[in-house]
Amino acid sequence: MTRPLTVVQLLPALETGGVERSALEIAAALVGAGHRAVVVSAGGRLVPQLHELGAEHVELDIGRKSLLTLRRVPMLRRLLRDSAADIVHARSRLPAWIGWRALQGMPSGHRPHFVTTVHGLNSPSRYSAIMTRGERVICVSNTVRDYVRRHYPATDPRRLRVIARGIDPAAFPRAAPRDPGAREQLAAQIPQLGGDGPLLLLAGRGTRLKGHADALALLQALREGGLDARLWMPGARDPDRAAYVAELEREALRRGVSGMVAITAPTAEIAQAYAASDLVLQLSRKPEAFGRTVIEALSVGRPVLGWDHGGVGELLRELQPQGALAAFDATALADRARHLLAQPPAPPATMPYTLQAMQQATLAVYRELVDAHSQS
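Quick note on my numbering: the sequence shown kicks off at 62 and runs consecutively.
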């Protein structure tokens, strides 16, 4: 029988985001398999959820961009020694540097294994290169793996492991096409999204990188072509980005679509949002590492239209090629949107990118390192 492992994950904080979600998902898998899961961060609103999973949290600010953060190195080293950690898994650059320095001060024969996950396409630099120093470097997509190999050619490709992020299909159940109940329920809350015409959905935080302006241009083109289309952009409205929201509202007014657009805060019921929509947009101006929206929407059974670059393009080419479009071609975007609305492609019969697959593959990487060390 294999012995239980102690895995310490390092990240800046436990507030919100893909890195934090992945940390909790792996903590849950570790606890479920009988291992010990520890997360080191500055804390945040997700700490109670982590505790509910049966994992431990150690509050240590290892993500603050300050020279004073180096003082955390001895504290982290002591934690790793006292907890008899088997694996240190860093998910962000500064925590990775602190973890790396902590490990270098430990005897080589009693040093935990170092694993990193490259969650994003960070600008290449010596600072970012720390994410390639893991004994295993987990890449969340083939796009990320190729990015690492291109910008950090000294990285041994045998250390790279592609483990895509995944979803729980039960949380994104297949919905009937043009679900009238979901649309009516949405329209009761947001009246401008009512009507019989198609509903477009672009979910994402309030930043130009998410392509909200492209979505507004698309809405104008569809309406001028005779479609009573509406557009919902959950997540774009943020009190800290009031100037950007005002900019979007002016753009919608300029294009004559302000009464057919809803710019809202994030929704906690994103699966229902997909079910109420007819076409999901993924128009990020900057290539993304993965593209979770794509698999969520396809799981619900909604077509996705997105720029063919980064992780989004990678997923669309595999799962729904009709939705992958050459980046920033506004005319082609409108033409393809009309086609997908008129003839929605069949969604994948099964979703290969599942949470369980991601969890099992990550735990297999941990076990691979520990087993190889015990046999050496």
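Here a beta-carbon is modelled for each residue, glycine too, at the ideal position from N, C-alpha and C. All figures in this text were calculated on a predicted structure; none of them were measured in a lab.
DSSP beta-bridge partners for Ile148?
Val68, His174
Which listed residue (Ile356, Ala388, Ala90, Asp289) has its alpha carbon closest to that of Ile228:
Closest by alpha carbon: Ile356.
Hey, would you say Leu141 sits closer than 8 Å to Ala163, going by beta carbons?
Yes, they are a contact pair.
Cβ of Thr354 within 8 Å of Cβ of Pro230?
no
Between the C-alpha atoms of Asp299 and Pro405, what's the straight-line distance to the nearest angstrom?
32 Å
Sorted by chain position, which residues of the same chain lie with C-beta nearer than 7 Å to Arg346's C-beta, five sequence neighbours on each side aside?
Arg269, Leu270, Gly272
Using alpha carbons as the reference points, say which of Leu155, Arg226, Gly124 lies closest to Arg82.
Arg226
Put Val179 into one of helix, strand or coil per three-state DSSP.
strand
Taking the CB atoms as reference points, tell me whether Gly367 and Val373 lie closer together than 8 Å.
yes
Determine the contact status of Arg222 and Val426, defining contact as a CB-CB distance below 8 Å.
yes
Run through the region 346-405 for me and flag every whole beta strand (DSSP E) of 3 or more residues, listed as ranges in chain order.
365-368
Which of the three DSSP states, helix, strand or coil, is assigned to Ser189?
helix
Straight-line CA distance for Ala74 to Asp122?
8 Å
Have a look at Val201, Asp207, Pro173 and flag the residue whose alpha-carbon is nearest the alpha-carbon of Pro185.
Asp207
Rounded to whole angstroms, how far is the Cβ of Leu283 from the Cβ of Ala398, which I believe are closer than 8 Å?
6 Å
Please determine, among Arg106, Gln333, Leu359, the residue with the shortest C-alpha to C-alpha distance to Gln343.
Leu359
Just curious, the beta strand (DSSP E) that Thr291 is in, first and last residue?
Residue identity differs from the one stated: residue 291 is Arg in this sequence, not Thr. It spans 291-295 - the beta strand (DSSP E) in which Arg291 sits, taken as one unbroken run.
Option nearest Leu137 by Cα separation, candidates Ala393, Ile159, Val179:
Of all alpha-carbon atoms in Ala393, Ile159, Val179, the one lying nearest the alpha-carbon of Leu137 is that of Ile159.
Should Ser127 go down as buried or exposed, given a rule of 16 or more other Cβ atoms within 10 Å for buried?
exposed
Extent of the continuous beta strand (DSSP E) to which Ser83 belongs:
Here Ser83 belongs to no beta strand (DSSP E); instead the alpha helix (DSSP H) covers 79-93.
Considering only C-alpha positions, which residue in the set Ser153, Arg378, Ser144 is nearest to His96?
The shortest C-alpha separation from His96 is found at Ser144.
Grab me the residues of Gly60's own chain with a C-beta within less than 6 Å of its C-beta, minus the 5 sequence neighbours each way, in chain order.
Because the chain is modelled from 62 through 437, residue 60 falls outside the range shown and cannot be assessed.
Inter-residue Cα distance where the pair is Arg363 and Leu260:
11 Å
Find the nearest neighbour of Gln421 within the set Gly93, Thr77, Leu114, Gln333, judged by alpha-carbon distance.
Gly93
What does the alpha-carbon distance come out to for the pair His400 and Arg132?
So the two alpha carbons sit approximately 58 Å from each other.
Counted within 10 angstroms of its Cβ, other Cβ atoms place Ser153 as buried (16 or more) or exposed:
buried
Neighbourhood of Glu349 by C-beta distance below 6 Å, restricted to the same chain and skipping five residues each side:
Gly371, Gly372, Val373
Pick helix, strand or coil for Arg428, following the three-state DSSP scheme.
If DSSP states are grouped into helix, strand and coil, Arg428 belongs with the helices.
Please list, in chain order, all residues of the same chain as Asn183 whose beta carbon is under 8 Å from its beta carbon, the five residues on each side excluded.
Arg154, Ser189, Met192
Inter-residue Cα distance where the pair is Arg64 and Ala410:
Distance between the alpha carbons of Arg64 and Ala410: 38 Å.
When you compare the CB positions of Ile251 and Thr423, do they come within less than 8 Å of one another, or not?
no
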